[in-house]
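Under full-length UniProt numbering, the sequence shown has 149 at position 149, and the numbering climbs by one with no breaks.
Here the structure comes first, spelled out in structure tokens, and everything after it is commentary.
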Amino acid sequence: MKMIISPAKQMVSDDEPLVSPTPIRFPAQVTELMADLKSRTPAELQELWRCSDKLARENVARVQAFDLKRVGTPAVFAYAGIQYQSLGAGVLTDRGLQNLGQRLYILSGLYGLLGAFDGILPYRLEMGAKGEIAGAKNLYQYWGARLYQALFASGDLVVNLASKEYSKAITPYLTPADRWVTVLFKQVKNGRLVQQATAAKQARGSLVRYMALAEEPTLERVKDFTVGGYRYRADLSTEAEYVFVKD
Numbered sequence: 001m002k003m004i005i006s007p008a009k010q011m012v013s014d015d016e017p018l019v020s021p022t023p024i025r026f027p028a029q030v031t032e033l034m035a036d037l038k039s040r041t042p043a044e045l046q047e048l049w050r051c052s053d054k055l056a057r058e059n060v061a062r063v064q065a066f067d068l069k070r071v072g073t074p075a076v077f078a079y080a081g082i083q084y085q086s087l088g089a090g091v092l093t094d095r096g097l098q099n100l101g102q103r104l105y106i107l108s109g110l111y112g113l114l115g116a117f118d119g120i121l122p123y124r125l126e127m128g129a130k131g132e133i134a135g136a137k138n139l140y141q142y143w144g145a146r147l148y149q150a151l152f153a154s155g156d157l158v159v160n161l162a163s164k165e166y167s168k169a170i171t172p173y174l175t176p177a178d179r180w181v182t183v184l185f186k187q188v189k190n191g192r193l194v195q196q197a198t199a200a201k202q203a204r205g206s207l208v209r210y211m212a213l214a215e216e217p218t219l220e221r222v223k224d225f226t227v228g229g230y231r232y233r234a235d236l237s238t239e240a241e242y243v244f245v246k247d
């Protein structure tokens, strides 16, 4: 079983991570995309990123300093958003970290598909970024089927915990033979079931952690997840979509 999640905008660097960084899968593509970013003016980059002046200055500096010859931080430690805080890779057992390295993959606008421990440098480039980049009309066209092919090369079951923005880099290429299960976390609001963004990110991170600590990663094990008051709802779920509702 593999699990895929989205990256986070917040990033940190760690010169002494708990595990050694592993090589990225698409160095040529990262180099090409970063060359495009480096060719842009600060104003053009800010327009691409659609961010504040402060964030633009920070990320322009990251673009200017970006060099793949530098040693990166393992991805699961480099991202610092809510989902990754909930995952808590830094306090996993050795066995949990080993399982994480075998099971977790992260979709990225810049890096494409990352293993949990692939070494990365701080950057900002969302998969859903508007506008042409590196000769393509957007990043979905740029990456094409490459991320899908890399993810399904071994034919494993994939549990999708990524946002729609990122899972859209995979779903157009799915075939009936692919084993793909999307997990949704919902709660009742004003009498309706809704997915609240922050709560869903926390739950996704908790599920990744839960499965990293599991001896056997199975779909039945996924269904048993109850952290944060969530319960699997068979009546709302299908073979391809598991729905959890908060009590």
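Idealized CB from N, CA, C, for every residue including glycine.
Do you know how far the Cα of residue j is from the Cα of residue i?
i: L33; j: P7; result: 17 Å
i: T238; j: T182; result: 10 Å
i: I82; j: L55; result: 18 Å
i: A214; j: G88; result: 15 Å
i: F152; j: E132; result: 27 Å
i: T41; j: Q64; result: 11 Å
i: Q102; j: S154; result: 12 Å
i: V19; j: R192; result: 43 Å
i: K186; j: K69; result: 42 Å
i: Y242; j: V194; result: 14 Å
i: G90; j: K246; result: 27 Å
i: N99; j: R204; result: 16 Å
i: D235; j: S13; result: 43 Å
i: T31; j: V71; result: 15 Å
i: R221; j: P17; result: 29 Å
i: K164; j: T171; result: 9 Å
i: D94; j: Q149; result: 30 Å
i: S52; j: A28; result: 30 Å
i: D36; j: L45; result: 10 Å
i: S190; j: G228; result: The question names Ser, but residue 190 in the sequence shown is Asn. For N190 and G228, the distance between alpha carbons rounds to 20 Å.
So, residue i versus residue j, is the Cβ gap smaller than 8 Å?
i: D118; j: T22; result: yes
i: Y173; j: L107; result: no
i: M127; j: L139; result: yes
i: I24; j: T73; result: no
i: residue 252; j: L92; result: This structure gives no information on residue 252, because the portion of the chain shown stretches from 1 to 247.
i: L125; j: G109; result: yes
i: M11; j: A61; result: no
i: Y123; j: F77; result: no
i: S86; j: Q202; result: yes
i: A129; j: L48; result: yes
i: M1; j: P217; result: yes
i: Y84; j: F26; result: no
i: Y232; j: K223; result: yes
Less than 8 Å between the CB atoms is what I'm expecting for residue i and residue j, so what's the real figure, rounded?
i: L184; j: F244; result: 7 Å
i: Q147; j: A169; result: According to the sequence shown, residue 147 is Leu rather than Gln. The pair is a contact, with the Cβ atoms about 5 Å apart (cut-off 8 Å).
i: W180; j: N160; result: 6 Å
Tell me the DSSP bridge mates of residue i?
i: Y232; result: F244
i: Q187; result: V194
i: D15; result: None, per the DSSP bridge assignment.
i: M3; result: L104, V159
i: A36; result: Inspection of the sequence shows that residue 36 is occupied by Asp rather than by Ala. None; D36 has no bridge partner.
i: residue 250; result: No answer is possible for residue 250: it lies beyond the span of the chain, which begins at 1 and ends at 247.
i: D118; result: T22
i: W180; result: V158
i: P74; result: G119
Considering only heavy atoms of the ligand COA, does any lie closer than 7 Å to the CB of residue i?
i: Q202; result: With respect to the ligand COA, the structure offers nothing, as it holds no ligand at all.
Would you say residue i reaches chain C, if we count a Cβ-Cβ gap shorter than 8 Å as a contact?
i: P27; result: Reference to chain C is not applicable here, since this structure consists of a single protein chain.
Take every Cβ of the stretch 2-21, pair it with every Cβ of the stretch 202-221, and state whether three or more of those distances are shorter than 8 Å. yes
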